[in-house]
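Residue numbers for the sequence shown follow the numbering used here, beginning at 5 and rising by one.
Below: one structure, written as structure tokens.
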Amino acid sequence: MAIPVNLVDLRGGRAVPPSPWRRLVVECAAALAVASQEMSFLEHLDELRRRLIWSVASIAVAFGVCCFFYEELYGLAIAPIRMQEMATLTVARPQDIVGLYFQVILVGAIFLAAPFVLVQAWLFISPGLHAHERRYAIPFVLSATVLFAAGGAFGYLIAFPAALRFLLGWIVASHLAPMIDIGEYFNLFFTVMVALGIVFQIPAVMFVLSRIGLVDAPMLLRNAKYAVLGSVIVAAIVTPTSDPWNMLVIAGPMMVLYGAGIVIAWLFGKQRTD
5 MAIPVNLVDL RGGRAVPPSP WRRLVVECAA ALAVASQEMS FLEHLDELRR
55 RLIWSVASIA VAFGVCCFFY EELYGLAIAP IRMQEMATLT VARPQDIVGL
105 YFQVILVGAI FLAAPFVLVQ AWLFISPGLH AHERRYAIPF VLSATVLFAA
155 GGAFGYLIAF PAALRFLLGW IVASHLAPMI DIGEYFNLFF TVMVALGIVF
205 QIPAVMFVLS RIGLVDAPML LRNAKYAVLG SVIVAAIVTP TSDPWNMLVI
255 AGPMMVLYGA GIVIAWLFGK QRTD
């Protein structure tokens, strides 16, 4: 917040230069005002701890709600592999099925609690924003929630089935019987769904960063090569194999989303006002 140091002479309507002592008082007041708004490192850690606790609590509540729909969630998670007639699911130990149901419920809980978790993320970063920048809270939370759901839908309908078809086809082409461990199957399902939900946050994050002036379209365009490299690295981590097709299923949408972020920054970006 800027504090004026020039005073106006009420009798003549002229700007009167302040005396040295008055300038010192005004500058000290400005410094105290800024310092009162800043948080110490320990306060930042405490705020982060508070937001993480609320986020985990929201996921726990959503987990409890999803427990009532565990059969439906399990059916949704198992449907992609059931459509592949060549595959047979196996389980090594009877008790593993309990953990598998918990894992499926956790995926549903993460997506159900996503809006509240995103609110907590915004509340953590909002103290570092100007007052006029905090009005982007609702657009950010709404767009990020929709994009998180869109990422999960893309993973469930396109990315995950495509990866399964490729891998199972490769197994059959190698004259082997695809007997898939159900634990490994659900690990892959969890990774792809949650990772794509996070990846699809790119446009929402770029919108906020461009509106507050931290990034702009020319800067994003100059760093596009690093974005491509990062997309390939993330795809290599998320996908089960390093073949170009499976990696393209993940890396392709990331590159498209980065391009969409450049367009968003060009349309809505502006210089940051300190």
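Don't be surprised by glycine CBs; every beta carbon is placed ideally from N, CA and C.
Spatial neighbours of residue i within its chain, please: C-beta separation below 7 Å, excluding the five flanking residues on both sides.
i	result
Gln107	Phe190, Phe194
Arg138	Ser130
Val95	Ile101, Ile186
Trp249	Phe170
Cys71	Ile109
His136	none
Leu180	none
Glu47	none
Among the options, which has the Cα closest to the Cα of residue i?
i	options	result
Val111	Gln124, Tyr74, His134	Tyr74
Ile109	Gln99, Met258, Leu77, Leu261	Leu77
Pro143	Gly79, Gln205, Arg86	Gln205
His134	Tyr160, Ala81, Arg215, Tyr105	Arg215
Tyr230	Met259, Val69, Ile254	Met259
Met87	Leu161, His48, Tyr140, Phe272	Leu161
Ala81	Val196, Tyr140, Leu46	Val196
Output needed for residue i: all residues of its chain with C-beta closer than 8 Å, excluding positions within five of it in sequence on either side, in chain order.
i	result
Thr149	Ala118, Pro119, Leu122
Val145	Pro119, Leu122, Val123, Trp126
Leu261	Val203, Phe204, Ile206, Pro207
Tyr105	Tyr74, Tyr78
Val69	Ala113, Leu116
Arg169	Gln88
Gly273	Ser214, Arg215, Gly217, Val219, Asp220, Ala221
Pro98	none
Glu188	none
With distances taken between CB atoms, is the gap from residue i to residue j smaller than 9 Å?
i	j	result
Ala3	Leu218	No information on residue 3 is available, as it lies outside the stretch 5 to 278 that the chain covers here.
Ile186	Asp50	no
Ile85	Ile184	yes
Phe152	Gly201	yes
Trp232	Ala269	Note on residue identity: the sequence assigns Val, not Trp, to residue 232. For Val232 and Ala269, no; Cβs fall outside 9 Å.
Which residues in the same chain have their Cβ closer than 6 Å to the Cβ of residue i, if we skip the five residues on either side of it in sequence?
i	result
Val102	none
Ala199	Val242
Ser235	Ala255, Met258, Met259
Ser59	Val121, Gln124
Leu116	Ala66
Leu93	Ile184, Ile186
Met90	Leu172, Val176, Pro182
Ala141	Trp126
Ala147	Just to set this straight, residue 147 is Ser in the shown sequence, not Ala. These residues qualify, in order along the chain: Ala208.
Leu271	none
Indicate whether at least one CB of chain D lies closer than 9 Å to the CB of residue i.
i	result
Gly265	Any reference to chain D falls outside this structure, which holds one protein chain only.
Problem set entry | Three-pair Cβ contact test at 8 Å for the stretch 219-239 versus the stretch 167-177 | no
Exercise. Between the stretch 261-268 and the stretch 207-222, are three or more C-beta pairs nearer than 8 Å?
Worked result: yes
Exercise. Does the stretch 59-67 come close enough to the stretch 147-159 to have 3 or more Cβ pairs within less than 8 Å?
Worked result: no
For this session: State whether the stretch 123-136 contacts the stretch 51-63, with contact taken as three or more CB pairs (one from each stretch) at a distance under 8 Å.
Result: yes
For this session: With a floor of 3 residues, list each beta strand (DSSP E) that falls wholly inside the stretch 92-130, ordered by position along the chain.
Result: 92-94
Exercise. Can you give, in chain order, each stretch of the beta strand (DSSP E) that sits fully within the stretch 144-225 and has at least 3 residues?
Worked result: 183-185
Problem set entry | Contiguous alpha helix (DSSP H) assignments of at least 4 residues, all confined to the stretch 240-270 | none
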